[in-house]
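Peer 1: According to our numbering, the residues represented by the sequence shown are 370 to 607, in order.
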Amino acid sequence: SSDVCSSDLSKRLMSDVPLGCFLSGGLDSAVVVDIAQNNSSERLPLYCAGTPFKKYNEFRYAAEVAQRLDSSVDEITISPETFMGDWRRLIQLKGLPVSTPNETSIYRLAKALSSQCKVALTGEASDEIFGGYVGPHFGIHDYLRAPHSDSPDNLQHPLYWKMMQRYGRSFFYNEVDHFFLSSSWMPMAQKSALFSDDAWNSLEEDDEVFTFYEDFFERYAHLSVFDRRMHLHAEVNL
Numbered sequence: 370s371s372d373v374c375s376s377d378l379s380k381r382l383m384s385d386v387p388l389g390c391f392l393s394g395g396l397d398s399a400v401v402v403d404i405a406q407n408n409s410s411e412r413l414p415l416y417c418a419g420t421p422f423k424k425y426n427e428f429r430y431a432a433e434v435a436q437r438l439d440s441s442v443d444e445i446t447i448s449p450e451t452f453m454g455d456w457r458r459l460i461q462l463k464g465l466p467v468s469t470p471n472e473t474s475i476y477r478l479a480k481a482l483s484s485q486c487k488v489a490l491t492g493e494a495s496d497e498i499f500g501g502y503v504g505p506h507f508g509i510h511d512y513l514r515a516p517h518s519d520s521p522d523n524l525q526h527p528l529y530w531k532m533m534q535r536y537g538r539s540f541f542y543n544e545v546d547h548f549f550l551s552s553s554w555m556p557m558a559q560k561s562a563l564f565s566d567d568a569w570n571s572l573e574e575d576d577e578v579f580t581f582y583e584d585f586f587e588r589y590a591h592l593s594v595f596d597r598r599m600h601l602h603a604e605v606n607l
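(1) Measuring CA to CA, which of PHE548, MET555, SER518, GLN559 is closest to SER539?
(2) Rounded to whole angstroms, what's the CA-CA distance from ALA481 to LEU392? Just pull it up for me.
(3) Using a threshold of 7 Å, state whether the C-beta atoms of ALA431 and GLY394 are closer than that.
(4) Any contact between the stretch 509 to 523 and the stretch 439 to 452? By contact I mean 3 or more CB pairs, one from each, below 8 Å.
(5) Give a yes or no on whether the C-beta atoms belonging to SER409 and VAL488 are separated by under 7 Å.
(6) Out of THR469, VAL467, SER520, SER551, which one is the CA nearest neighbour of GLN534?
(7) Between the C-alpha atoms of ASP372 and ILE404, what's the straight-line distance to the nearest angstrom?
(8) Start and end of the alpha helix (DSSP H) containing TYR430?
(9) Using the Cα positions of PHE499 and SER440, report the straight-line distance between them to the nearest angstrom.
(10) Taking GLU573 as the reference, give the member of TYR582, SER561, ASP584, GLU583 with the closest Cα.
(11) Can you tell me which of the three DSSP states ASP385 falls into?
(12) Could you check if PRO505 is buried or exposed, using at least 16 other CB atoms within 10 Å of its CB as the buried criterion?
(13) On the three-state DSSP scale, how would you describe GLU573?
(14) Alpha helix (DSSP H) containing TYR542: first to last residue?
(15) Provide the residue(s) that pair with VAL605 in DSSP beta bridges, ordered along the chain.
(16) Give me the Cβ distance between VAL545 and PHE579, rounded to the nearest whole Å; I'm assuming they're in contact under 8 Å.
(17) Determine the burial state of SER370: buried for a count of at least 16 other Cβ atoms within 10 Å of its Cβ, exposed for fewer.
(18) State the DSSP-derived secondary structure class of PHE391, mapped to helix, strand or coil.
(19) Give the C-beta separation of THR491 and SER553 to the nearest angstrom, bearing in mind that I take them to be a contact with Cβ-Cβ under 8 Å.
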């Protein structure tokens, strides 16, 4: 019933400290903010991160959402200089490589939000649940349409140049091969160059990593390629 639903939402908004929201301007965070605001008696502080470059910020869309809620949004601008500084700082703090570039955005958002609030609602993880990323959706579409062998005939494939632009080659040997091409931050040749020959060989190159993903996809061989990738996001990424 609507009463139960409203009660559940109210529980999600309970906090001993002030609560705010990250608002990217995208669908996921907009839905979260809209529901939260409509079930809160107070105006929730909203924060959006973006760059000085119009192509890489969603300030306009976040402002439209905030306006519909009769609210406003604080815009946190991330410059190339602050991005690199935060990147290094996060690596130092974590003692680990940064997993994705948007960690720097979230760090800046959290830092700004903490001046007013200590709890944040976000749209994080919605893309993993609903298949919103390029990898599990359009990337799988590429995999299904592309050749699965290195054949001279690939030159005649209608997607040849598109695949070359996106992946650096026009074919995939198998699903694991496609996953690494679409998900790795650096080519294998660059990665191996970071190690001495002795270290790289003693690690058996990346055999352990490839084996993990081969076993993973084999475990879900009865599912569609798309569903296998969705399982991967849920069980590994999240």
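Where is the CB? At the ideal position from N, CA and C, for every residue including glycine.
Peer 2: Walking through what the data contain:
(1) What you label residue 539 is simply residue 170 of the sequence shown in a count that begins at 1. Selected option, being the one with the closest Cα: SER518.
(2) Position 112 of the sequence shown holds residue 481. Position 23 of the sequence shown holds residue 392. Whole-angstrom Cα-Cα distance: 13 Å.
(3) Mapped onto the sequence shown, residue 431 falls at position 62. Mapped onto the sequence shown, residue 394 falls at position 25. Yes, the Cβ-Cβ distance between ALA431 and GLY394 is below 7 Å.
(4) no
(5) As a working note, residue 409 is residue 40 in the sequence shown. As a working note, residue 488 is residue 119 in the sequence shown. No, Cβ-Cβ distance for SER409 and VAL488 is not below 7 Å.
(6) One-based indexing of the sequence shown puts residue 534 at position 165. Minimum Cα distance to GLN534 is reached at SER551.
(7) One-based indexing of the sequence shown puts residue 372 at position 3. One-based indexing of the sequence shown puts residue 404 at position 35. Confidence at ASP372 is low in this model, with a pLDDT of 49, below 50, so its placement is unreliable and the value that follows should be read with caution. For ASP372 and ILE404, the distance between alpha carbons rounds to 14 Å.
(8) Mapped onto the sequence shown, residue 430 falls at position 61. Counting along the chain, the alpha helix (DSSP H) containing TYR430 begins and ends at 428 to 437.
(9) Here residue 499 is taken as the residue at index 130 of the sequence shown, counted from 1. Here residue 440 is taken as the residue at index 71 of the sequence shown, counted from 1. Roughly 28 Å between the two C-alpha positions.
(10) Position 204 of the sequence shown holds residue 573. Selected option, being the one with the closest Cα: SER561.
(11) In the sequence shown, the residue the question calls residue 385 occupies position 16. Here ASP385 sits in coil by DSSP.
(12) Counting from one through the sequence shown, the residue named residue 505 turns up at place 136. PRO505 comes out buried.
(13) Taking the sequence shown and counting its residues from 1, the one referred to as residue 573 is at position 204. Of the three classes helix, strand and coil, the one that applies to GLU573 here is coil, per DSSP.
(14) On the sequence shown, position 173 is the one that residue 542 refers to. TYR542 -> no alpha helix (DSSP H), and no H or E assigned at all.
(15) Looking up residue 605 in the sequence shown gives position 236. Paired residue(s): none; VAL605 is not in a bridge.
(16) Position 176 of the sequence shown, counting from 1, holds the residue named residue 545. Position 210 of the sequence shown, counting from 1, holds the residue named residue 579. About 6 Å separates the two Cβ atoms, so the contact holds.
(17) As a position in the sequence shown, residue 370 is number 1, starting the count at 1. Bear in mind that the predicted position of SER370 carries a pLDDT of just 39, short of 50, making it too unreliable to give a figure here.
(18) Taking the sequence shown and counting its residues from 1, the one referred to as residue 391 is at position 22. Correct three-state label for PHE391: strand.
(19) Translated into positions along the sequence shown, residue 491 becomes position 122. Translated into positions along the sequence shown, residue 553 becomes position 184. Actually they are not in contact, since the Cβ atoms of THR491 and SER553 sit about 26 Å apart, beyond 8 Å.
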